[in-house]
Amino acid sequence: MQSNSFLLTLILVMPLLGALSIGLIKSEKDRFYHWLAAFWSGLTFVLSLILLGRYDMNATGFQFVDALPWIPQFNIQYQVGVDGLSLPMVILTSLIVFIAVFVSWPITHRSRLFFAMLLIMETGVLGVFTALDLFLFFAMWELELIPMYFLIGLWGGARRQYASMKFILYTMLASAFMFLAFLAIYFLSTPHTFDVIVLLQNQDTILAGLGKPLQMALFIALFCCFAVKLPMVPLHTWLPDAHVEAPTAISVVLAGVLLKMGAYGMIRFNMGFFPDMMHYLSVGFAVLGMINILYGALLALAQTDMKRVIAYSSVSHMGFVLLGLAAWNPTGLNGAILQMFTHGTITALLFIFVGVVYERTHTRQLEDLGGLSARMPLASALFVVSALASVGAPGMSGFVSEFLIFTGTYANTLAGTPHFVIQIATILAAVGIILGAGYMLWLTRRVFFGPLAERWQHLTDINAIETATVAILMILVFVLGIYPALLVDYINPATVQLLSQAPGMGG
Amino acid sequence: MDFIALIPEILVCVTALLVIAFDLLMDPAKPAAERTGKLAFVTGAGLTAALGALIGLHLGGYYGTSDFYNAFLPDAMSLYFRGALLVSGLLTLCLSVDYVRRFIKYPGEFFALISLATLGAMFLTAATEITTLYLALELLSLSSFVLVAMRKDRPRSAEASIKYLIFGAVSSGILLYGFSLLFGITGSLSLAEIHSYLQQNGADFVYMNQPATQGLSNAIDYGWQSGHLKLELLAAILMVLGGLAYKIAAVPFHMWAPDVYEGAPIPVTAFLSATSKVAGFAALIRVFEMFNTTNTLVIATNFVIIMAVLSMTFGNIVAIAQKNVKRMFAYSSIAHAGYLLMGIVALSDLKTRETALLGLFFYLLVYIFMNLGAFAVMTHLSTQARSSDLHDWSGLGRRYPWLGFVLACCLLSLTGLPPFAGFTGKFYIFGAVTMMGTGYLWLVLVGVLNSVISLYYYARVVRTLFFGEPSEGHAPEAPHPALTFASVVAFAGILGLFLFPRWIGDFVSQVGTLL
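Read top to bottom, the protein sequences are chains A and B. Count along the first sequence starting at 1, add 951, and that's the number in our numbering. Count along the second sequence starting at 1, add 150, and that's the number in our numbering.
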């Protein structure tokens, strides 16, 4: 039993302390709570960078594990830790939330509650990515819901109440199935344990003992829950509503981080606990991924609301993660995990621009916009770069992850018909790239180019704070695009570890 | 006779009498509002002393040396529930002071009756003999009937009381009839003796190898098929369980709850929802344990499963349609009876019994905190808004940030969302049922899906409080300190029990035989 370092625990507690400090300190000063939130989320980000620096990228398994007894009657512990899968997500979360604080600079209406909720949500999301106990994982998963409900429902657009209620009911219904699956995993298998490390190491003895039909049922229950969060077509309908109604910063967090919880859950639990099932069903993953990519892209083409276009592009891009899970080789899985990270940064960028435009014009309807580059040259230049990143232009991180996924899935090692079906799905999914180029360039043209309407003459260009948030993300996109090994080196050991459990892969 | 074990009860009884005496000595010319504070203080001091005595006895590891001819069992279980009920009584007292001062003309009677009802509830949790159990139940019920009618200025209050009384009388009759059958069958009034009699001679009450028959009369004579219980024992089981189900408001014995909850003064509603339910469940746990014998268990369990599923589903679905918050809480309370009945189901299996007990004990304690926390806030809000209709509460969460926060937390805990103890409680109970095997997973699924349904109407309250705009009008009035105190205790309870649930588990592991 290694000793607790409490570094991860510190990272988890920081946002919570921030929320508490916001709740306790009362100030009339202008933007006091903005600065307070920036301080705490910044501190969290710095700590997560320290975590990154001290992480040993050559070791496999979990690091920085903190374990404390919680409910000894059920062997429930408070246990957190990171591996190559969760480390990028922790960095991404703390970065995106830090940026979201600055993105929400224009929010002055009940800003105190807003930032408190944002920080509580950060703890929830970080907890989801680091929890190594199913009970803790579920608690953290649900902890993120309530702040999100408030954030959409209080600061959202016209139909915010509908959107927030839909969001919370959808997610709660999905997590009900996860709860059931966790209960069954704990109570029906022996030894009764919630310890993710133990379960991952001994999945072939503990979970395989449940019998095939029950295993399949649990697999599907977990998959449904994570598929809602991902979101996977046809369980995605909450996402466009939530995105459109949410304030900019929340859209940034929602697309940047929250969707990754679904993908993370699939890799950690579906793949980690039931590798046989996952391997057996990989054709399904490829086909569902392909449908996600094409359906999302086609719907994005048909939207008239700027935010909806990007929301559906999210659906499309998360499909790549599903596709990557079907590969069963390190290339594809590394690509999928990298895609989670890059999609987080790139979509956050795009949503920031939607916010920039909306803040100035108070509309997101494409027919009202156009020609904004005349008044906002810097914004439009940066948007073009972000759009290219989203399309997957070489030199940027989106290209790397999508390329890895395509090569990985095309070279899948499955035998017989599944091999070809996945290859065909890959080829069809590649069409999604073309569609993606279509809707992104079309969006760019309709918003920033063409004739400028009379009423937009007074618009100002992107301001310093907005530029700074964009710059941070954009640098990250370029750095990872040019030298992806920077992150893949961290991811790869976890990938190898996961794949070693696949049937016919040794290990 | 060892009366040391009864000191808490004696103190509660003395408190009730003292309150009445004080009320007599006070100058009746003074307005009721002035008397309220003093009387509430006396009641609070008395109940606190009782709670202190109870904890003191336990810390000394003292469980009493006598079981009063098998009538009153001062075991770990009754210790736990008597403590919980005293906490419930104290919280009710705290949240009611301001309300009583404003609206109740006879504060002495109100506080004395709260003490007496608590006394009945405490006896009920420790009763292991049929007459004691019945008398304790009646003490609780009769005090409650009067409490419901305390708002003499409002006809609805009286109407609710009459409804409660009639339903209560009928259920008491059913319960008594069931008990009389049991007495006739077994010749004993002690739960433990009835249990062992049924365990030994239960086979005599099962139809064995009767020929297949035609017609209803033959069916009743010989049983529908062999292996069925004979009618007298079957009727006794169903009647006893049904009579107790009235107290916990389980479907189909719930009809009184919505009208009574709505018509009663809101602190009384709070009291009924917590004390009455917890005491009823404690009695049900013991009675169910009495039927936990080879031949009677199946029918009792199936009956409880049916009630559980009906209560959860009916309660949650009908709650969606409610506009009055008190009425909504009545249906929420029915739904919670359903969740808790799932815990009773899991008592039937030896390997899940311990988990089920932990779940029931834990959830009932948490239920006191979350329900009374919510009611403390609602008492103030309904006094301020002069209405308990949800749409009149629009934006009140902004006007009273702390109270709104506590109410939101309690509602989320009732839904079963972390980081509140309601989640842990549901986890225990659902986990116990899961542990019974894959054949019961459907029941867990029903429970979990019902929690999702409940989120809809609980979230609607949160939405109204925080998303709505406050209406113009009177300036916000700060809540009474006692009420704020109750809300702080409730919040600390639901959060503290989530973070540190361990000691409840340690305590429950001491619970041995329940009879």
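No residue lacks a Cβ here, since even glycine has one placed at the ideal position from N, Cα and C. Predicted, not measured: the structure shown is a model, and the values here were computed from it.
- Under the Cβ criterion of 9 angstroms, A:L1120 is counted among the residues facing chain B.
- Non-local beta-carbon contacts of A:R1111 in its own chain, meaning distances under 7 angstroms to residues more than five positions away in sequence, involve I1103, G1104 and E1196 in chain order.
- Burial check for B:S637: the Cβ neighbour count within 10 Å reaches 16 or more, so the residue is buried.
- Contact annotation: A:I1413 and A:M1327 have beta-carbon atoms nearer than 9 angstroms.
- Within chain A, M1123, A1127 and F1130 have C-beta atoms less than 9 angstroms from the C-beta of B:S601, given in sequence order.
- Residue burial annotation: B:V454 is buried, with at least 16 other C-beta atoms found within 10 angstroms of its C-beta.
- The shortest CA-to-CA distance from A:A1125 to any of A:A1278, A:T1156 and A:W1092 is the one to A:W1092.
- In this structure, DSSP gives B:N220 a state outside helix and strand, which the three-state scheme calls coil.
- Closer than 9 angstroms at the C-beta level to chain B, one finds these residues of the segment 1089-1113 of chain A: F1089, A1090, M1091, W1092, E1093, L1094, L1096, I1097, Y1100, F1101, G1104, L1105, R1111 and Q1112.
- Here B:G581 carries a helix assignment [DSSP, helix/strand/coil].
- With a 10 Å radius around the Cβ and a threshold of 16 neighbouring Cβ atoms, B:L161 comes out buried.
- The beta-carbon of A:Q1024 is placed less than 9 angstroms from the nearest beta-carbon of chain B.
- Short of 7 angstroms from the beta carbon of A:V1382, and not among the five residues preceding or following it, lie these beta carbons of its own chain, in chain order: L1245.
- At the C-beta level, A:G1306 and A:S1202 come within 9 angstroms of one another.
- In the three-state scheme derived from DSSP, where H, G and I count as helix and E and B as strand, B:S246 is classed as helix.
- Beta bridge pairing from DSSP links A:D1256 with A:Q1316.
- Annotation for B:P158: the continuous alpha helix (DSSP H) segment containing it runs I157 to L175.
- B:T584 belongs to the set of residues whose beta carbon lies under 9 angstroms from a beta carbon in chain A.
- Near chain B, meaning a CB-to-CB distance below 7 angstroms, no residue of the segment 1305-1317 of chain A qualifies.
- Between the segment 1283-1296 of chain A and the segment 1344-1355 of chain A there are three or more inter-stretch CB-CB distances shorter than 8 angstroms, so the stretches are counted as touching.
- A:A1366 sits in coil when the DSSP states are folded into three classes, being neither helix nor strand.
- Taking each of B:G488, B:L508, B:L561 and B:A190 in turn and checking the Cα distance to B:I264, the smallest one comes out for B:A190.
- Just so you know, the alpha carbons of B:P569 and A:L968 end up roughly 15 angstroms apart.
- Interface flag for B:R549 against chain A is unset, since no Cβ pair is found closer than 9 angstroms.
- If the five residues before and after B:P415 are omitted, its C-beta is found closer than 6 angstroms to the C-beta atoms of M300 and R301, all from its own chain and listed in chain order.
- Interface flag for B:R503 against chain A is unset, since no Cβ pair is found closer than 9 angstroms.
- In this structure, A:I1027 sits near A:L1087, with a CB-CB distance shorter than 9 angstroms.
- Around the beta carbon of A:A1114, 16 or more other beta carbons lie within 10 angstroms, which makes this residue buried.
- Among the residues facing chain B, A:M1116 is included, as its CB has a counterpart in that chain under 9 angstroms away.
- Look at B:T634: its C-beta is not under 9 angstroms from any C-beta on chain A.
- Contacts between B:R613 and chain A, judged by CB atoms closer than 9 angstroms, involve Y1100, G1104, Q1112, S1115 and M1116 in chain order.
- The beta carbon of A:S1140 lies closer than 8 angstroms to those of I1157, L1158, G1160 and L1161 in the same chain, with the five residues before and after it left out.
- For A:I1218, DSSP records no beta bridge to any residue.
- With fewer than 16 other beta carbons inside 10 angstroms of its own, B:Q350 counts as exposed.
- Taking CB atoms only, A:F1086 has a neighbour in chain B less than 9 angstroms away.
- With respect to B:L564, B:V437 sits apart: the two C-beta atoms are not nearer than 9 angstroms.
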